[in-house]
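These protein sequences, in sequence, are chains A and B. Taking numbering that gives the first Met the number 0 as reference, the numbering of the first sequence is continuous, increasing by one, and the terminal residue is 139. Taking numbering that gives the first Met the number 0 as reference, the numbering of the second sequence is continuous, increasing by one, and the terminal residue is 139. Ideal Cβ positions, reconstructed from N, Cα and C, are used throughout, including at glycine. Keep in mind that this is a model prediction, so the values were computed, not measured. First up is the structure itself, then whatever we jot down about it.
2 protein chains.
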Amino acid sequence: MCCYYCNDEEKLNSLMLPISKLRTSTAYLFRDQKYKGKCIVVFNEHKTELFQLTPTQQLEFIQDVADVAATVHKVFSPDKINYAIYGDVVSHLHFHVTPKYKNGPQWGMPFKDDSRPVILSEEEYSKRIREIKLLLNVGE
Amino acid sequence: MCCYYCNDEEKLNSLMLPISKLRTSTAYLFRDQKYKGKCIVVFNEHKTELFQLTPTQQLEFIQDVADVAATVHKVFSPDKINYAIYGDVVSHLHFHVTPKYKNGPQWGMPFKDDSRPVILSEEEYSKRIREIKLLLNVGE
C-alpha cells in the first residue's frame, strides 16, 4: 500500500516530527510552523473515513485531538484552533490541529499549507516538542 | 451574545436548512451545494473548542459527524469526505462535512466556500434533505 503514514518513515519525517503516542493515534509537530504550534494527529491504523472507526476508536481519536488542541492552546495561546481532516489524495485519517492568530496568516479563512513554509532549526523544533510533551498528559 | 447559531434563525436559514436533530448536534444541508451533499453539523450548545466538551459530548459529537458522513457517502457516492471545524470569526462549534469528487472542485486541495455558490431550487433542497433523512438512523 502506497501510504507514507504506513510505509515511508523518511517521507513522513520530512513533513512532521513525532511528539507522542496517544490513545489511538500519534501526535506530530508539523515542520511548516507558519501556524505556530501546528500539529498533526494521525490515526494508528490505515482507515480513511471517520465512519469506519468503532465507537471506542472514535472516542479515543477525538479525545486525542482535543488533548493536543488543549495543549497547543496552553503553550502557544492562539486565538482559535482549526481542526480538519482532508486526505483526498493521502487518505490515511489525520487531523490538522492548526492554531490561528488574529494577526497571523489566514485569520478568518481556512488555513493553507501551499504557501512558503516557515522552517525552524532542529533545536527550535525540539524545544516546541518538549513544551508540548510537558503538558500533554497522555491517557488522562 | 452575537452568534447566529444561537440567536439568528433568519441568518442561519439563509446559509443552511435543517435536516435532523442528532445526539448532541443538529445536521443541516448547506445551501451552497457546489460540493454535492455538503452538510454542516452544529453542536447544540455554544462551545468553541473540542476540549471544552465532556467525554460524552465528544463521543456523541464525533458519532453524529460520522453518521452524517456515512449517510452522505451512501446517498451521493463522493470519492472522499473532508471534515473541518474552522470558526475563527463564528466560533460556535460546527463541522463542515464536505463530500469531494475526483472531477469536482478543489479535488486534492482544501475545500473553499468563497467562490460562486451553487444554489438549488427549494424542491431540490427538499429532495436532498429527504434522501439524507431516509438513511440517517438517528441515535443508533
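Check	Outcome
If we call anything under 7 Å between Cβ atoms a contact, is A/Cys2 one with A/His91?	yes
For a test of the three-state rule: what should DSSP assign to B/Ser24, helix, strand or coil?	strand
Do A/Gly107 and B/Val89 come within 7 Å of each other at the CB atom, strictly closer than that value?	no
Quick one: which unbroken beta strand (DSSP E) runs of 3-plus residues sit fully inside the stretch 49-93 of chain A? Chain order, please.	79-84
Taking 7 Å as the cut-off, decide whether the C-beta atoms of B/Leu28 and B/Leu11 are in contact.	no
Can you look up A/Lys99 in the DSSP assignment and give me helix, strand or coil?	strand
Could you tell me whether the Cβ atoms of A/Leu119 and A/Gln32 are closer together than 7 Å?	yes
Measuring from the CB of A/Asp63, is there a heavy atom of the ligand SAH at a distance below 6 Å?	Of the ligands one can find in the structure shown there are none, so the ligand SAH has no counterpart to examine.
Between A/Leu58 and B/Ala68, how many whole angstroms is the CB-CB distance? I'm expecting something under 8 Å.	Rounded, the Cβ-Cβ distance is 16 Å, inconsistent with contact.
With a cut-off of 8 Å on the beta carbons, I'd call A/Phe94 and A/Ala83 a contact; round off their distance for me.	7 Å
Which class does B/Leu16 belong to by DSSP, given the choice of helix, strand or coil?	strand
Between A/Gly107 and chain B, is there a C-beta pair that is closer than 7 Å?	yes
Can you give me the C-alpha to C-alpha distance between B/Glu9 and B/Arg30, rounded to a whole angstrom?	13 Å
Going by DSSP, which residues form a beta bridge with B/Val40?	B/Ala26 and B/Phe94
Is there a Cβ of chain B sitting closer than 7 Å to that of A/Gly138, yes or no?	Since pLDDT at A/Gly138 reaches only 42, below the 50 mark, its modelled position is unreliable, and no value is offered.
Run down chain A in chain order and give the residues with a C-beta less than 9 Å from the C-beta of B/Lys37.	The contacting residues do not exist; B/Lys37 stays about 14 Å from chain A at best.
Taking the C-alpha atoms as reference points, what is the distance between A/Lys105 and B/Tyr124?	Note that residue 105 of chain A corresponds to Gln in the displayed sequence, not to Lys. Rounded to whole angstroms, A/Gln105 to B/Tyr124 spans 31 Å at the Cα level.
Consult DSSP for B/Leu119 and reduce its assignment to one of helix, strand or coil.	coil
At least one CB of chain B closer than 7 Å to the CB of A/Asn6: is that the case?	no
Closest to A/Tyr100 by CA distance: which of B/Thr97, B/Tyr85, B/Ile80 and B/His72 is it?	B/Tyr85
Provide the residue span of the alpha helix (DSSP H) that contains B/Cys5, from first to last.	Tyr3 to Asn6
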